[in-house]
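A.B. asks: The listed protein sequences derive, respectively, from chains C and Y. In this text, residue positions in the first sequence follow the working numbering: the first is 1, and each later residue adds one. In this text, residue positions in the second sequence follow the working numbering: the first is 1001, and each later residue adds one. Positions of the beta carbon are idealized from the N, C-alpha and C atoms, including for glycine. Since the structure is predicted, the reported quantities are computational estimates derived from the model, not experimental observations. Please find one structure pasted underneath; my questions will follow.
Number of protein chains: 2
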Amino acid sequence: MDLSNNTIERITKIYGYLDALEERGVDFVSSKELAEALGTTDHTIRKDISLLGMTGYTRKGYSVRFFKKELAKKLELNKKRKACIIGLGRLGTALLDYERAKEDGFEVVAGFDCSINKLERIRTHIEVFPMSELENIIKGRSVDLGIITVPAKSAQQVADQLIEAGIKGILNFSPAKIVVPKNIIYLDMDFTNALRFVAAKFITKQ
Amino acid sequence: MDLSNNTIERITKIYGYLDALEERGVDFVSSKELAEALGTTDHTIRKDISLLGMTGYTRKGYSVRFFKKELAKKLELNKKRKACIIGLGRLGTALLDYERAKEDGFEVVAGFDCSINKLERIRTHIEVFPMSELENIIKGRSVDLGIITVPAKSAQQVADQLIEAGIKGILNFSPAKIVVPKNIIYLDMDFTNALRFVAAKFITKQ
């Protein structure tokens, strides 16, 4: 399936919105309501949905439960994928034990750090390895996703190593901008955008 | 100024895009290019920009440098605001020392935790306090933003305490959904959406 990032971003948000509606016990939702929640047009929402080859629109709108289940299936959200974390500083070790990742389809199966000292002191139920084991572990365990939490200056080098080892996706929590080939899934997790969003919100509350 | 969340989200993304263009040495950008980068329409972008009361569109498009500077001024992105972090586990302590926050306009001035033991062991250049000091410090130092990194079960209670103490904005890194009054700036920083986005991207690369 070939979907643009913007379509996927919207569909992911739709999924989250359906999730919240289901929790509130809502049965049906219109594409108009979805459009308003996402700040886009009715037309865009219907186009995104049709790109997924989904049907099931009734006069009352989409069935929330059916729609959510279909989306999860189409997007393979329930498929378990393996992730590893590179850089076991504070953020890296915090993410090692991030329980929600598993619910969201990613099981962290390994952690890596270049400091043997750090590896020896770390307390976690996830297996940790020196960087020299990166390729072996990623290939041997078919790890799909690499989560980068190293300092900015090492981020690109780590990304290159991950790609060389056959990783399919990268989440970059370092503030560095990383360049990856087009076939690699890449997401920048730097908090800059969130902090800017909040800063900008302050002006609307004055 | 009264701007919707969706407008602010787009404008924040525009700012990030202008930042990248400036780094690449690009001088002008059209609203069409901005629309494509953000996956929205030309019309929406022009409406967002006009809501800010901005002008300066020439035949070549917007001047990247001028536009970025004007946006920073309108959104008060350069104004320094004070933040505090509540919950000094691994993620909380990682964020205590997140250097980029300062560049993005937020100075972390205090950390809080309910465990005196944890407070005594922590190594950071930021001042840390027991929870009983929360209100005093927030009021005394005019702290604007509270960053919640406590476990899910305590998140709502901490949010209530922050709001009681007069905080203006909350970033919630816990997986709990928090309810806040409308006048409080609120942003959910749970990684669930990002992980879903990445999971969905996998299907497009098969």
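Suppose you measure from the CA of residue 1210 of chain Y to the CA of residue 119 of chain C; what does that come to, to the nearest Å?
C.D. replies: Lying before the first or after the last residue shown, residue 1210 of chain Y is absent from chain Y, which here runs from 1001 to 1206.
A.B. asks: Can you tell me where the beta strand (DSSP E) with residue 107 of chain C in it begins and where it stops?
C.D. replies: First-last of the beta strand (DSSP E) with residue 107 of chain C: 106–113.
A.B. asks: Compile a chain-ordered list of the residues in the segment 89–110 of chain C whose CB is closer than 9 angstroms to at least one CB of chain Y.
C.D. replies: From the segment 89–110 of chain C, only 89, 90, 91, 92, 93, 94, 95, 96, 97, 98, 99, 100, 101, 103, 104, 105, 106 have a Cβ closer than 9 angstroms to chain Y.
A.B. asks: Candidates C:11, C:190, C:91, C:14: which alpha carbon is nearest residue 1104 of chain Y's?
C.D. replies: Per the Cα distances, C:190.
A.B. asks: Output yes if chain Y places a C-beta closer than 8 angstroms to the C-beta of residue 213 of chain C; else output no.
C.D. replies: Limits of chain C in this structure are 1 at one end and 206 at the other, which puts residue 213 of chain C out of reach.
A.B. asks: Rounded to a whole number of angstroms, what is the C-alpha to C-alpha distance between residue 202 of chain C and residue 1185 of chain Y?
C.D. replies: Approximately 7 angstroms, taken between the alpha carbons.
A.B. asks: With DSSP as the reference, label residue 58 of chain C as helix, strand or coil.
C.D. replies: Looking at residue 58 of chain C - three-state DSSP - the assignment turns out to be strand.
A.B. asks: Between the beta-carbon of residue 1037 of chain Y and the beta-carbon of residue 1044 of chain Y, is there less than 8 angstroms?
C.D. replies: For residue 1037 of chain Y and residue 1044 of chain Y, no; Cβs fall outside 8 angstroms.
A.B. asks: In this structure, how does DSSP classify residue 98 of chain C when only helix, strand and coil are distinguished?
C.D. replies: Three-state DSSP puts residue 98 of chain C in coil, outside helix and strand.
A.B. asks: Going by beta-carbon coordinates alone, are residue 1173 of chain Y and residue 1147 of chain Y separated by less than 8 angstroms?
C.D. replies: Yes.
A.B. asks: Nearest chain Y C-beta to residue 168 of chain C closer than 8 angstroms, yes or no?
C.D. replies: Cβ-Cβ to chain Y under 8 angstroms: yes for residue 168 of chain C.
A.B. asks: For a test of the three-state rule: what should DSSP assign to residue 1182 of chain Y, helix, strand or coil?
C.D. replies: Looking at residue 1182 of chain Y - three-state DSSP - the assignment turns out to be coil, as it is neither helix nor strand.
A.B. asks: Whose CA, out of C:41, C:178, C:168, lies closest to the CA of residue 153 of chain C?
C.D. replies: Per the Cα distances, C:178.
A.B. asks: Going by the CB atoms, is the gap between residue 1075 of chain Y and residue 1014 of chain Y shorter than 8 angstroms?
C.D. replies: Cβ distance not < 8 angstroms, so residue 1014 of chain Y and residue 1075 of chain Y don't count as in contact.
A.B. asks: What in chain C is Cβ-close to residue 1054 of chain Y, meaning under 8 angstroms?
C.D. replies: Near residue 1054 of chain Y there are no residues of chain C at all, since even the closest Cβ is about 14 angstroms away, more than 8 angstroms.
A.B. asks: Determine, using beta carbons only, whether residue 1126 of chain Y and residue 1171 of chain Y come nearer to each other than 8 angstroms.
C.D. replies: Their beta carbons are not under 8 angstroms apart, which means residue 1126 of chain Y does not touch residue 1171 of chain Y by this criterion.
A.B. asks: Thinking just about the alpha-carbon of each residue, which of Y:1151, Y:1155, Y:1106, Y:1166 is nearest to the one in residue 1134 of chain Y?
C.D. replies: Closest by alpha carbon: Y:1166.
A.B. asks: Just to check my reading of the structure: residue 1094 of chain Y and residue 90 of chain C have Cβ atoms closer than 8 angstroms, yes? What is that Cβ distance to the nearest angstrom?
C.D. replies: Between residue 90 of chain C and residue 1094 of chain Y the Cβ distance is about 4 angstroms, and since that is below 8 angstroms, they are a contact.
A.B. asks: Quick one: grab the DSSP three-state call for residue 1191 of chain Y.
C.D. replies: In this structure, residue 1191 of chain Y counts as coil in the three-state DSSP scheme.
A.B. asks: Please state the DSSP three-state secondary structure of residue 47 of chain C.
C.D. replies: Helix, per DSSP.
A.B. asks: Whose CA, out of Y:1131, Y:1183, Y:1071, lies closest to the CA of residue 1117 of chain Y?
C.D. replies: Nearest of Y:1131, Y:1183, Y:1071 to residue 1117 of chain Y, Cα basis: Y:1131.
A.B. asks: List the residues that DSSP assigns as beta-bridge partners of residue 29 of chain C.
C.D. replies: In DSSP, residue 29 of chain C forms a bridge with C:62.
A.B. asks: Give every residue of the same chain whose Cβ lies closer than 8 angstroms to the Cβ of residue 139 of chain C, excluding the five residues on either side of it in the sequence, and list them in chain order.
C.D. replies: The answer, listed in chain order, is 165, 166.
A.B. asks: Pick from C:123, C:142, C:192: whose alpha carbon is nearest that of residue 1099 of chain Y?
C.D. replies: Ranking the options by Cα distance to residue 1099 of chain Y, first place goes to C:192.
A.B. asks: Could you give the residue range of the beta strand (DSSP E) that holds residue 1086 of chain Y?
C.D. replies: Residue 1086 of chain Y -> beta strand (DSSP E) spans 1081–1086.
A.B. asks: Alpha carbons only, please: which of C:88, C:80, C:17 is nearest the one belonging to residue 39 of chain C?
C.D. replies: Selected option, being the one with the closest Cα: C:17.
A.B. asks: Use the C-beta contact count for residue 1059 of chain Y: other C-beta atoms within 10 angstroms, 16 or more gives buried, fewer gives exposed.
C.D. replies: With fewer than 16 other Cβ atoms within 10 Å, it is exposed.
A.B. asks: Please report the residue range of the beta strand (DSSP E) in which residue 1143 of chain Y lies.
C.D. replies: Careful: residue 1143 of chain Y lies outside any beta strand (DSSP E) and carries neither H nor E.
A.B. asks: Taking Cβ positions, are residue 1009 of chain Y and residue 1068 of chain Y nearer each other than 8 angstroms?
C.D. replies: No; because the gap between Cβ atoms is not below 8 angstroms, this pair is not in contact.
A.B. asks: State buried or exposed for residue 1142 of chain Y, treating a residue as buried only when at least 16 other CB atoms are found within 10 Å of its CB.
C.D. replies: By the 10 Å Cβ count, residue 1142 of chain Y comes out exposed.
A.B. asks: So what does residue 172 of chain C bridge to, in DSSP terms?
C.D. replies: Answer is C:148, C:188, bridged to residue 172 of chain C.
A.B. asks: Please check if any C-beta of chain C sits within less than 8 angstroms of the C-beta of residue 1122 of chain Y.
C.D. replies: Residue 1122 of chain Y does not count as touching chain C.
A.B. asks: Of all the CB atoms in chain C, is at least one closer than 8 angstroms to the CB of residue 1087 of chain Y?
C.D. replies: Output row for residue 1087 of chain Y: interface = no.
A.B. asks: Give a yes or no on whether the C-beta atoms belonging to residue 1081 of chain Y and residue 1144 of chain Y are separated by under 8 angstroms.
C.D. replies: Yes, the pair counts as a contact, with Cβ atoms nearer than the cut-off.
A.B. asks: Ends of the alpha helix (DSSP H) at residue 1076 of chain Y?
C.D. replies: Looking at the DSSP string, residue 1076 of chain Y is not in any alpha helix (DSSP H), and its letter there is neither H nor E.
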